[in-house]
Structures are given as C-alpha cells and as structure tokens.
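The letter at position 74 of the sequence shown is residue 74 when you use UniProt numbering, and the numbering goes up by one with no holes. For every residue, glycine included, the Cβ atom is placed at its ideal position computed from N, Cα and C.
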Amino acid sequence: MAPSVDAQTAQLDIQAALRTRMIQSGEYSKIMDALRLKLDEAGWEDRVRDLAREKARAQEPPNLQGLVNELEPTALDMIPPEARAEVEAMVRAFVEKSIE
C-alpha cells in the first residue's frame, strides 16, 4: 500500500529540514568534496564527458535536455561503488547525529 499524502508530505519536510541543517553545518560541502575527490580518482568525469560527446554526435538535431536525460541514469550507474558507499555512510552518520 502506498504511503498517504500526509506521510509523503511529512517525509519531504524531514528531508528538507535535514538538507538545510546539512548545508548550514558545512557537512554538505564536506560530503560533496569527498565525492568529487573519489570521482576524480576514478576518472568518472572524463568517462562521462567522453560518453556525452559520443551521444551528442549521434543526435540529430542536437538537444541538450535530451542528452542530459539520456546520460543521467548511465552517469549515476558509473559512480564507483566505493564512492557511493563512502558518501552514503557520511550522510547516514549526519542523519543519525542529527536525530540524537
């Protein structure tokens, strides 16, 4: 059974509050820096850029939004599991600390 509209609204409110607290505390920047470092180490940006060029050349006519829509799922799948796990652990630790 799907969550009620009230439950969904409450969940979105909690997510927004955590996001705001994360940004205000500086934790968001710390997490993003860690993610960028892991992605740079893995060559993720170069691989996504190469894929984007390949897909863009095949588009007729070129369409930026279509390219982004096509690349996003693949780019997310290309994130190294170690990077994903590290970021998830950092977010989880922040949430647990915030709930205490």
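- Beyond the five residues adjoining it in sequence on each side, Ile-31 comes within less than 7 Å, by CB distance, of Val-87, Met-90, Val-91 in the same chain, given in chain order.
- One alpha carbon belongs to Asp-50, the other to Met-22, and they sit about 33 Å apart.
- DSSP places Gln-24 inside the alpha helix (DSSP H), whose first and last residues are 5-25.
- Rounded to the nearest angstrom, the Cβ distance from Ile-99 to Trp-44 is 31 Å, too far for a contact under 8 Å.
- When the Cα atoms are used, Val-68 and Lys-97 turn out to be separated by approximately 35 Å.
- Around the beta carbon of Ala-83, 16 or more other beta carbons lie within 10 angstroms, which makes this residue buried.
- Straight through space, the alpha carbons of Asp-6 and Asp-77 are spaced by roughly 32 Å.
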